[in-house]
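Participant: Shown below is the structure under consideration.
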Amino acid sequence: MAKYILKRIALALATLLLIVFVLFVLVRIMPGNPFPSERMSAEQIANKRAEMGLDDPIMVQFGNYMGHLLQGDFGKGTSLYNGAPIKTVLGECISNSFRIGGLAILIGTVVGLILGITAALNKGTFIDGFATVFSIIGVCVPSYVFLIFLQYFFAYRIPFFPYFFDSSRFLFSSWVPSLSLSLFTMSTVARFTRNEMVEVMDSDYVHLAESKGLYGSQLVLRHVLRNALIPIVTVLAPLVVDLLTGALVVEKIYGINGIGKLMVDAIAGEGVDYNYVLALGILYSSLYIGIMLVVDILYGILDPRIRVAAKRGGDA
């Protein structure tokens, strides 16, 4: 198991390094001006480019950037926040997006699993039909529409939650956006859990376990749910990245200073802030690769046959 994990970590690090290099080159060759040209003269822009090393050869720039990046330094912005250090600005945005997204993941996964398991165990009943309809609605209705619905009823008609995000009351302000973001995850997890469990319950090894007198929660937990979790984990992984990195429209409507809003500001501001675009691109890539690494490890835990197949492939 340790060798399997180390190989996956090495592959993830190599992939991330390649992605950082490609992102760096693409950002450097992007058209446009990284500085607010309306407020800076041509001489000031030239001096700023020289100061930041933007006129050096691309490989020299990449080497300097990697040296700072390995120390946790993303550099400074060129047009946003008056050139403040990016890691300082990212810290607050990441904290907001991750806490709201983390709560949405928790709600969506737990409720989705419960709903999917209940629907599978009551196949063909009213509960199963309700879960199916709920899943379809949750997938079709955008999160921001559900957010507006929650704002209207639970902030305007029944003023229990704040209408807009209030950082001084973070936990209280997080429920409305987190619930709206959790709807898609909840519906997706419920749908996949129900379908996978129904398929597994019709398999030969489950019928064999039943013939040996294994019923109820033991059968569901030991044989049905464990084998159904692999495709559920697969579909959940990209949803986790999307929620942790913020939802652009939800953050904008609810006034949340998160990663999604920061990305829009970096691209649509007075000047395209290349350093923020690059830093956020690396953050998105790191999260995605990290989540997929966790998924690979979970595969090996949930199904030891995957570790054996990977070992045989490596020996070949």
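Using this note's numbering, you'd call the opening residue of the sequence shown number 1 and step up by one each time. Where a beta carbon is used, it is the ideal one built from N, C-alpha and C, also for glycine.
(1) Taking C-alpha atoms, which residue in Lys76, Asn82, Ile117 lies nearest to Asp128?
(2) Assuming Arg194 contacts Ala119 (C-beta within less than 8 Å), just tell me the rounded distance between them.
(3) So, with DSSP's three-state summary, where would you put Lys261?
(4) Keeping to the same chain, check which residues put their C-beta closer than 6 Å to that of Ala14; ignore five residues upstream and five downstream.
(5) Would you say Ala266 and Leu80 are within 8 Å of each other, going by their C-beta atoms?
(6) Please classify Cys140 as buried or exposed, where buried requires at least 16 other C-beta atoms within 10 Å of its C-beta.
(7) On the three-state DSSP scale, how would you describe Pro85?
(8) Could you work out which residue in Ile107, Leu262, Val277, Ile232 is closest to Arg28 when comparing CA atoms only?
(9) Among Val20, Ile136, Asn275, Ile100, which one has its Cα closest to the Cα of Ile256?
(10) Under the three-state reduction of DSSP, which class applies to Lys123: helix, strand or coil?
(11) Since Ser135 and Ala190 should fall inside the 8 Å C-beta cutoff, what is the C-beta to C-beta distance between them, to a whole number of angstroms?
(12) If you follow the alpha helix (DSSP H) that Val323 is in, where does it begin and where does it stop?
(13) Judging by CA-CA distance, which residue of Asp296, Lys3, Val240, Tyr299 is the nearest neighbour of Ile105?
(14) If you count every other CB in all the chains shown that lies within 10 Å of the CB of Leu262, and 16 or more means buried, which is it?
Facilitator: Based on what the coordinates show:
(1) Ile117
(2) 4 Å
(3) helix
(4) none
(5) yes
(6) exposed
(7) strand
(8) Val277
(9) Ile100
(10) coil
(11) 5 Å
(12) Outside the shown range of the chain (1 to 316) lies residue 323, about which nothing can therefore be said.
(13) Val240
(14) buried
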